[in-house]
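Numbering-wise (this note's numbering), the sequence shown opens with residue 7 and increments by one.
Glycine included, C-beta positions come from ideal geometry on N, C-alpha and C.
Keep in mind the model is a prediction, meaning the values are calculated, not measured.
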Amino acid sequence: MTASKRIVLSSDHGAIELRQAIAAHVTSRGWLAVDIGPTTSESTNYPEHGAAAARLVASGDCQLGIVLCGTGQGIMMAANKVKGIRCGVCADTFSARMLREHNDANMLSLGARVVGQGLALDIVDAFLAAEFEGGRHALRVDMISALEA
Ligand code: RB5
């Protein structure tokens, strides 16, 4: 792993502490964390943060992205509106592994009101360690992409 592997992180106001812990964690795993905030706990709107992170992944500036809100659901929905993004919410490590191996996801979403920090970091590790299996899954992922046309 080299520092050229860039991962963007973003959240709404409900997940700032967890996002910052994840930023430190992925850095310790050799990733360059591109943490685009926000940094204050002032109430904010998750769609803009999900979209901003997703655009950095879709453009190729970052290889992967992690977004967080209270449940992980709203910011995931926003990220998935950006063409080329496949983002899923995970609250367990099996789903996080499958999200990469079968769905070739390029973004992970977490709910700060759903998972504690310990589990969240394990989920992140599972997501980062897994690789897309291709094969029959490639056809299905291509079919998802075709829906964007
Ligand atoms: C904010 O109150 C909350 O709605 C948001 O963090 C998220 O859970 C939405 O999906």
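For the ligand RB5, I want to know if cysteine 75 counts as a neighbour, meaning its beta carbon is within less than 7 Å of at least one of the ligand's heavy atoms.
Your numbering for residue 75 matches position 69 in the sequence shown. Result yes, Cβ under 7 Å from the ligand RB5.
Delimiting residues of the beta strand (DSSP E) encompassing valine 95:
In the sequence shown, the residue the question calls residue 95 occupies position 89. Element bounds for valine 95: 93-95.
Can you tell which of His31, Ser49, Ile13 and Arg142 has the C-alpha that lies nearest to the C-alpha of valine 63?
Position 57 of the sequence shown holds residue 63. Here the closest residue by C-alpha is Ile13.
Boundaries (first-last residue) of the beta strand (DSSP E) holding aspartate 41
Residue numbering aside, residue 41 sits at position 35 when the sequence shown is read from its first letter. Looking at the DSSP string, the run of the beta strand (DSSP E) that includes aspartate 41 is 38-41.
Does DSSP classify leucine 134 as helix, strand or coil?
In the sequence shown, counting from the first residue as 1, residue 134 sits at position 128. Of the three classes helix, strand and coil, the one that applies to leucine 134 here is helix, per DSSP.
Look at the alpha carbon of asparagine 86 and the alpha carbon of glutamine 26, and state the distance between them as a whole number of angstroms.
Taking the sequence shown and counting its residues from 1, the one referred to as residue 86 is at position 80. Taking the sequence shown and counting its residues from 1, the one referred to as residue 26 is at position 20. For asparagine 86 and glutamine 26, the distance between alpha carbons rounds to 22 Å.
Check whether the region 49-58 and the region 77-96 touch, using three or more Cβ-Cβ pairs below 8 Å as the test.
yes
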